[in-house]
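Just below is one structure, and these are the notes that go with it.
Numbering (the numbering used here), first residue to last: 781 to 961.
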């Protein structure tokens, strides 16, 4: 199937936004990934909706992890990546349930909620698996608000996930609406 104009617009934005994942280009957790996955599900058809965002994320994860995090002693592929990819695939699936004809505000709010859901699930799993958090209600609240000592407070990640989910989704929605087919 020949890609249409919307596919090319989305692919261009996805590629640009993927490049923005490089550490310290944007604030922590201010990520275009939520929008890329949600909008792939909304605007792309068939296997493209699943394959394109996953390939872009995998490619960028390999590069970032190899050149930024591996020299700091981190593994190129940690167990957390599996959770990230399951959550990203879930966002694509949620996008498949929406329609490109939906009100732009609905799509933008969906992008924001996708970022919030990603944050909530990832932080809950982090609390459960990280020995640095007490396995109590207070430990769970710590995981969702102040985080661990030596790291930025997690409420900043929440804020950035919500804002970036809405902002990048809005950019994609309006690019498709005004420049697409």
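We put the CB at the ideal spot given by N, CA and C, even for glycine.
Per the coordinates, the alpha-carbon of residue 832 lies some 11 angstroms from the alpha-carbon of residue 792. Residue 858 carries a coil assignment under DSSP once its states are collapsed to helix, strand and coil.
Cβ contact annotation for residue 803 (same chain, cutoff 6 angstroms, sequence separation greater than five): 848, in chain order. Residue 845 and residue 855 have their C-alpha atoms roughly 8 angstroms apart.
Taking C-beta atoms as the reference points, residue 811 and residue 801 count as a pair closer than 8 angstroms. Nearest C-alpha to residue 872 among 957, 902, 814: 814. For residue 903, the enclosing alpha helix (DSSP H) begins and ends at 884-909. The residues 821, in chain order, have a CB closer than 6 angstroms to that of residue 876 in the same chain once the five nearest residues on each side in sequence are set aside.
Assignment of residue 879 by DSSP, reduced to helix, strand and coil, places it in the coil class.
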